[in-house]
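A.B. asks: Below is one structure. I have some questions about it.
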Amino acid sequence: MKRVILLLLSLLLISATAVAATLVTDLSPWQGEYISRITLIRHPDMQPLYRDTAKAAAVKGKSYTSEQVKAHLARTFRTDFGKIKIKGNSITFYPLDKASSPLTRAYTYAGEKSDSYGKMKFSWHGFTADTKDAPYKFLLMMKPHQHNKGVPHFHFRYSNKSFKAIIGPEIEYWWPTFLPLNVDVKEFRKGTDPKLLARLLP
């Protein structure tokens, strides 16, 4: 599993190199509306991916049902909000609970934050909330990128405690991922390799 994560990080760094020329000083690279990958977990068009991943896992000697694969991915991509809107220096969070109201807060760039996995080193872009009442005071974001011809996306972590709380090997399997608001779910599924997902399963 460690080798697979290193492979994914390598692909991420290669993708990020193509967009690294633009200096980050604010939220400009992320302007727009996005949905959390967690919102697609139960989408009917995603179900074949879980079935194919379970089959690929069986070839590797791992026993998983489609539902168990789905549960594992739900933990990996979990977020408290299903959608975000980034406009200027503000982010609007739309809770998964639709009965709750969206909340908008402004953020200031806090520089790059180093992270590592094994011998691989990489970095996030950090942001801090401008007000103390923000529900998510510390944000870590990677620039939007894509793997091969897959759907563009970016990874996003958050904490009310500190940057340190969301960096390090102890949370290496938490990868909240955001996709374009109008993502084509079938195309997204086709661009996801079940064999690679199977290798990520414990």
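Residues -20 to -1, 1 to 182, numbered by mature numbering (1 follows the signal peptide of the UniProt record, and there is no 0), are exactly what the sequence shown covers, in order.
Where a beta carbon is used, it is the ideal one built from N, C-alpha and C, also for glycine.
Report yes if the C-beta of Q27 is less than 7 Å from at least one heavy atom of the ligand GTP; otherwise report no.
C.D. replies: In terms of ligand content, the structure shown is empty, and the ligand GTP therefore cannot be addressed.
A.B. asks: R85 and S70 - do their beta-carbons sit closer together than 8 Å?
C.D. replies: Cβ atoms of S70 and R85: closer than 8 Å.
A.B. asks: Determine, using beta carbons only, whether Q11 and K63 come nearer to each other than 8 Å.
C.D. replies: Not closer than 8 Å, so no.
A.B. asks: How is the beta strand (DSSP E) around L3 delimited, first residue to last?
C.D. replies: From DSSP, L3 is part of no beta strand (DSSP E); its letter is neither H nor E.
A.B. asks: Just checking my contact of L159 with I15 at CB under 8 Å: how many whole Å lie between their CB atoms?
C.D. replies: At roughly 6 Å, the Cβ-Cβ gap stays under 8 Å, so L159 and I15 are in contact.
A.B. asks: On the three-state DSSP scale, how would you describe Y89?
C.D. replies: It is a strand residue.
A.B. asks: Start and end of the alpha helix (DSSP H) containing T56?
C.D. replies: Taken as a continuous stretch (DSSP letters only), the alpha helix (DSSP H) holding T56 covers S46 to T56.
A.B. asks: Let me check understanding here. Comparing Cα to Cα, which of L83, H133, F143 and S43 lies closest to G91?
C.D. replies: If we check each option's Cα against that of G91, F143 comes out closest.
A.B. asks: Counting pairs of Cβ atoms below 8 Å between the stretch 129 to 138 and the stretch 36 to 50, do you hit three or more?
C.D. replies: Short answer: they don't touch.
A.B. asks: Among the residues of its own chain, which have a CB less than 8 Å from the CB of F57, if the five just before and after it don't count?
C.D. replies: The answer, listed in chain order, is S16, R17, I18, I21, W155, P156 and T157.
A.B. asks: Could you pull out every unbroken beta strand (DSSP E) segment of at least 3 residues lying fully inside the stretch 104 to 161, listed in chain order?
C.D. replies: Runs found: 118 to 121, 134 to 139 and 157 to 160.
A.B. asks: Would DSSP call K42 helix, strand or coil?
C.D. replies: Coil, per DSSP.
A.B. asks: My output table needs one value for P75: the three-state DSSP class, helix, strand or coil.
C.D. replies: Three-state result, P75: strand.
A.B. asks: Tell me the DSSP secondary structure of L181 in three-state form.
C.D. replies: Three-state DSSP puts L181 in coil, outside helix and strand.
A.B. asks: For the beta strand (DSSP E) holding K170, just list the boundary residues, first then last.
C.D. replies: Looking at the DSSP string, K170 is not in any beta strand (DSSP E); the run it does join, the alpha helix (DSSP H), is V165 to K170.
A.B. asks: For A109, count neighbouring C-beta atoms within 10 Å of its own C-beta (all shown protein chains included) and say buried if the count is 16 or more, exposed if not.
C.D. replies: Buried, because 16 or more other Cβ atoms sit within 10 Å of the Cβ of A109.
A.B. asks: Kindly say whether I18, judged by its beta-carbon, lies nearer than 8 Å to any beta-carbon of chain B.
C.D. replies: No chain B appears in this structure, which consists of one protein chain only.
A.B. asks: Helix, strand or coil for I21, going by three-state DSSP, please let me know.
C.D. replies: The answer is coil: DSSP assigns I21 none of H, G, I, E or B.
A.B. asks: For L3 versus T172, is the C-beta spacing smaller than 8 Å?
C.D. replies: Not a contact, by the Cβ cut-off of 8 Å.
A.B. asks: Pop quiz: F107 and Y87 are said to be a contact at Cβ under 8 Å. What is the actual Cβ separation, rounded to whole angstroms?
C.D. replies: Between Y87 and F107 the Cβ distance is about 4 Å, and since that is below 8 Å, they are a contact.
A.B. asks: Taking all protein chains shown into account, decide if K129 is buried (16 or more other Cβ within 10 angstroms of its Cβ) or exposed.
C.D. replies: Result: exposed.
A.B. asks: What does the Cβ neighbour count give for D32, buried or exposed, with the cut at 16 atoms within 10 Å?
C.D. replies: Classification for D32: buried.
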